[in-house]
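Structure, as structure tokens:
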Amino acid sequence: MAVHAAFLIGMELCTQLQEDDGLCPAPLRPDLLSVLEDAKAWCLRVIKAGETNVKGYLLMSIVSAWVKGLMRGLGENEATSLLVKAIKNVGEKCLPILEEMAASMQEQIGEPVNDMAVEMAKDWNFLILDAPFNLGDTEPMSWIFNEDFDQGFLEP
């Protein structure tokens, strides 16, 4: 929920910056600006603590970069390059953390993590049908007129 609240604060800051048509930018509350950076740092700490989902950190990095771009008055191309740079930074920071976590999990298990998928796939034969489909008769009501069909309530 903290990421959601920080996202809403970031969107509010973006809206304030986009609505300002004056010669000088509207003063933004510094406490709201610090929420974005604190949320971004918190998301990174959560990843370092063992979370494998980086979407929160990615979202907060994008929103923070967007707000910074609006504050600087960047054009569309410059803002886009700033967002791409923020996304690349997320990958550069998170990938080593996730690789280290995967390596430590592999050491704890003692075997490659991918072997688990092979073990789970062995018992999928129950999904294979024993009888083939008969697609020759596709009339939905033909079973009514079938002489071999016995509903069990008619006596001979």
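Offset between the sequence shown (1-based) and the numbering used here: plus 48. No residue lacks a Cβ here, since even glycine has one placed at the ideal position from N, Cα and C.
Going by DSSP, G104 is part of the alpha helix (DSSP H) stretching over K103 to R120. Nearest to G139 by alpha-carbon distance, out of L65, D68, I110 and A54, is I110. Around the beta carbon of V115, 16 or more other beta carbons sit within 10 angstroms, so the residue counts as buried.
With fewer than 16 neighbouring CB atoms inside 10 Å of its own CB, L143 falls in the exposed class. Three or more Cβ pairs closer than 8 angstroms define a contact, and the segment 119–127 falls short of that threshold against the segment 84–94. Secondary structure of G58 (DSSP, three-state): helix. Under the criterion of beta carbons closer than 8 angstroms, I145 and L106 do not qualify as touching, at roughly 13 angstroms. Residues I145 of the same chain have their beta carbon placed closer than 7 angstroms to that of K96, with the five preceding and five following residues left out of the count.
The beta-carbon separation of L84 and M108, rounded to 7 angstroms, stays under the 8 angstroms limit for a contact.
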